[in-house]
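For what it's worth, my numbering labels the leading residue of the sequence shown as 273, then goes sequentially.
The next block holds one structure in the form of structure tokens; read it before the comments.
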Amino acid sequence: MIEDKLESSNVADPTIMAVEGRNKDLNEYLPLYKAALQGDWKAANDIFNQDPSKRTARITVFLKTALHVAAGAGHAQFVKHLVEIMPAEALEMEDDKGHTALFFAALAGSTESAKAMVMKNPSLTQKNNNSGMTAVLYATFGRGKDVLKYLCYVTRDEDPSPFAGAAGGRLLNNIIASGFYDVSLDLLDRYPKLATGRDDSGVTPLDVLAQRPAAFPSGNKLNFLQRLIYSFVTVNECAPNGTTNMGR
């Protein structure tokens, strides 16, 4: 279950816990929780028709909404239906770790879910969780290259940019470590200074490649290294006094 990666007990039975400071038993939300977890839109929609406030209610002890649960379970059709009837600002609701539902879609590898959310509220791509990570970085921890490519495309290069500094270094390193070399090259084409960057542990893209000597055929590896080195040389030639600046 995808939610296990975000919180080891995220799929725990959501019962007898307080919601938003109210002394309220979460058993009331159990039918909605199950419907979202199973992708049963008919059951969920019946609940929403009876009580529209439950569209945005926090239904688990971890402060998740039905959208978080469905996105984490990979139910794209459920997500798209729910997004249609939610206010755009409600898509910014966070769980106890600061994750919007877009983080769950990214981790689940659901491009359809991610597109539905971002189209309704483009600012979601710029939201950080409590650890300072964006959804595009979370996509590198998950299952899908397509959702990663999509989020790389729609995430904006705005301060604080996910494509600059240690954040950009970590993003590129994670993409390389995941084996998504074409995505790495696309990112380098857009942000060549990442070739000289380091993540928050001081690791460079070349360090990551050195740890994966048999990761791909020699021809592809040579092509990737050539592109990476070209980006590195280009950045250093353009930088005054041999210094480099991260980001773009």
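Using N, Cα and C, we set each Cβ at its ideal position, and we do this for glycine too.
It should be emphasised that the depicted structure is a prediction, and the values quoted were computed from it without experimental measurement.
Inspect the beta-carbon positions of residue i and residue j and report whether they are closer than 8 angstroms.
i: Asp368; j: Leu335; result: yes
i: Ile448; j: Val408; result: no
i: Ser385; j: Thr412; result: no
i: Met389; j: Ala373; result: yes
i: Ala528; j: Leu304; result: With the chain covering 273 to 520 only, the question about residue 528 has no answer from this structure.
i: Tyr463; j: Gly440; result: yes
i: Ala380; j: Arg415; result: yes
i: Asn393; j: Ala348; result: no
i: Gly370; j: Asn321; result: no
Output the distance between the C-alpha atoms of residue i and residue j, rounded to the nearest integer angstrom.
i: Ala342; j: Lys465; result: 37 angstroms
i: Phe375; j: Ala362; result: 15 angstroms
i: Lys421; j: Ala467; result: 18 angstroms
i: Arg442; j: Thr476; result: 9 angstroms
i: Gly311; j: Asn299; result: 19 angstroms
i: Tyr410; j: Asp471; result: 15 angstroms
i: Leu354; j: Lys326; result: 11 angstroms
i: Leu302; j: Ile331; result: 8 angstroms
i: Ala436; j: Leu339; result: 30 angstroms
i: Arg484; j: Leu478; result: 10 angstroms
i: Lys314; j: Glu364; result: 24 angstroms
i: Ile357; j: Ser395; result: 18 angstroms
i: Asp318; j: Val351; result: 15 angstroms
i: Ala453; j: Thr337; result: Correcting the residue identity first, residue 453 is Tyr in this sequence and not Ala. Tyr453 and Thr337: Cα-Cα distance of roughly 35 angstroms.
i: Glu430; j: Ala329; result: 31 angstroms
i: Thr383; j: Asp461; result: 23 angstroms
i: Leu423; j: Lys306; result: 28 angstroms
i: Asp418; j: Thr406; result: 17 angstroms
i: Lys399; j: Lys387; result: 15 angstroms
i: Gly469; j: Ala316; result: 46 angstroms
i: Leu444; j: Glu366; result: 26 angstroms
i: Asn446; j: Ala438; result: 12 angstroms
i: Thr397; j: Val333; result: 25 angstroms
i: Leu459; j: Pro432; result: 17 angstroms
DSSP three-state label for residue i, please.
i: Met391; result: helix
i: Ser382; result: coil
i: Asn317; result: helix
i: Asp454; result: helix
i: Tyr463; result: coil
i: Ala482; result: helix
i: Asn401; result: coil
i: Ala436; result: coil
i: Gly441; result: helix
i: Lys417; result: helix
i: Val475; result: coil
i: Thr468; result: helix
i: Phe375; result: helix
Counting C-beta neighbours from all protein chains within 10 Å, is the total for residue i 16 or more, i.e. buried, or is it exposed?
i: Ser456; result: buried
i: Gly404; result: exposed
i: Pro324; result: exposed
i: Arg428; result: exposed
i: Ala482; result: exposed
i: Pro434; result: buried
i: Ser473; result: exposed
i: Arg294; result: Only weak support exists for where Arg294 lies, its pLDDT of 44 falling under 50; the value from the coordinates is given anyway. Label assigned to Arg294: exposed.
Taking Cβ positions only, does residue i come closer than 8 angstroms to chain D?
i: Leu420; result: Absent from the structure is chain D; it holds one protein chain and no more.
Measuring from the CB of residue i, is there a heavy atom of the ligand HEM at a distance below 7 angstroms?
i: Gly441; result: No copy of the ligand HEM appears in this structure; indeed no ligand is present at all.
| Those runs of the alpha helix (DSSP H) which lie wholly inside the stretch 301-364 and span at least 4 residues | For the stretch 301-364, whole alpha helix (DSSP H) runs of length 4 or above, ordered along the chain, are 302-310, 313-322, 338-344, 348-357.
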